[in-house]
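The working numbering applies: residue 4 is where the sequence shown begins, and numbers increase by one.
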Amino acid sequence: MSDEAFPNAEQLFQQAFAAADPVPLLLQLLKQHPTYPAVRELVIDYTEAVEEDPSRGQSLASALARLGDSPDAPTFGMETLSSLIDRELADQHFKFFYGNSVYGNSEVKEYGPKNTYLLDSLLSGLSLKHGLTSTSDQYAAIDEGLDAPHGLDNSEVLVVGACIQLLLHGSETVTETAGTYRKPAEVIALKLKAQEVAGTVKDPHAIQVLELTISHAETGFKPENDRDDAWALLFPSKS
């Protein structure tokens with residue numbers, strides 16, 4: 004929960020994100036309150052909505068991208084809504100050292116769908132996929148997974164986190180957009196295979212995701228092979 008940008012801001016943004024198409028309601032709120040705190044609240048409530056229901060991650064990220072690109076979006080001085088969303092998300096992705104988190108009591112280290120690092124990996128991958136933001140911290144997190152030391156308690160989470168991002172938008176890691184973190188797809192494939200051989204990933208669903216990510220890398224991270232179902236594969240519905 005954050006300090007409210009305007010009366011009932013958190014509740015109103017949450018209601019908007021719960022809609023089938025959040026964009027019209029979000030636009031209305033931002034036109035009524037075209038302030039920096041309102042954009043910050045928007046992004047906070049977006050991330051919380053994805054964390055609450057990761058199955059809606061794709062649709063919510065798409066809505067945020069459409070919101071930022073809307074010709075009806077308000078401007079903020081010399082800045083656009085899209086640029087402010089970019090900045091706010093950049094300030095959130097992977098702003099902690101795993102095991103020494105700034106999330107405090109909200110951090111969940113146990114492997115599973117509530118794991119803080121895996122949720123951050125999902126949010127980061129969605130940002131890359133939908134062009135919301137792209138930072139060195141996001142690519143560094145992928146590298147941490149590729150090079151995770153064997154045998155450490157958090158190694159599986161680091162590897163799976165990298166796989167989530169790579170399955171969602173691995174095609175970007177082999178382009179100039181990745182900057183100094185750019186590396187050939189075959190190098191990524193070899194690093195992931197090494198983690199597979201070492202048995203770093205133990206959860207059966209996570210092993211499947213690791214194998215799919217290796218296949219994605221071996222075929223050159225073609226954009227058409229990026230996948231939207233990484234989270235569903237990791238944590239399939241029990242219903």
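Every residue, glycine too, gets a C-beta built ideally from N, C-alpha and C.
Could you tell me which residues DSSP pairs with residue i in its beta bridges?
i: E82; result: F79
Run the CB neighbour count on residue i, radius 10 Å, all protein chains shown included, and call it buried at 16 or more, exposed below.
i: Y49; result: buried
i: G176; result: Before going on, a small fix: residue 176 reads as Thr here, not Gly. With 16 or more other Cβ atoms within 10 Å, it is buried.
i: S127; result: buried
i: Q198; result: buried
i: V160; result: buried
i: V204; result: buried
i: T183; result: exposed
i: R43; result: buried
i: A22; result: exposed
i: L237; result: buried
i: E147; result: buried
i: G115; result: exposed
i: K34; result: exposed
i: K194; result: buried
i: P10; result: exposed
Nearest to residue i by CA position, among the options, is which residue?
i: H153; options: V177, K196, L126 and T183; result: K196
i: G173; options: P57, A12, N228 and W234; result: N228
i: L131; options: D89, N157, E113 and D150; result: D89
i: D150; options: C166, T136 and L135; result: C166
i: F20; options: E7, L45, K34 and L87; result: L45
i: N157; options: Q168, L169 and A144; result: A144
Need the endpoints of the alpha helix (DSSP H) that residue i sits in, please.
i: Q31; result: V26 to Q35
i: H219; result: P207 to E221
i: D56; result: It is not in any alpha helix (DSSP H) - D56 carries neither H nor E in the DSSP assignment.
i: K132; result: T119 to K132
i: Q168; result: S158 to H172
i: S139; result: S139 to L149
i: F16; result: A12 to A21
i: E227; result: Run containing E227: none; DSSP gives neither H nor E here.
i: K1; result: Because the chain here runs from 4 to 242, residue 1 falls outside it and cannot be looked at.
i: A233; result: A233 to L237
Is there at least one Cβ from chain C nearer than 8 Å to residue i's Cβ?
i: L193; result: No chain C appears in the structure shown, which is made up of a single protein chain.
Using 8 Å as the cut-off, can you tell me whether the segment 84 to 93 makes contact with the segment 133 to 149, which would need three or more C-beta pairs spanning the two stretches below that distance?
Because the criterion of three Cβ pairs below 8 Å is met, the segment 84 to 93 and the segment 133 to 149 touch.
Is the segment 32 to 43 in contact with the segment 60 to 68, if contact means three or more CB pairs nearer than 8 Å?
Output reads no: the segment 60 to 68 does not touch the segment 32 to 43.
Mind the definition here: the segment 25 to 33 touches the segment 74 to 89 only if three or more C-beta pairs lie below 8 Å; say whether that holds.
Taking 8 Å as the limit for Cβ pairs, the verdict is that the segment 74 to 89 does touch the segment 25 to 33.
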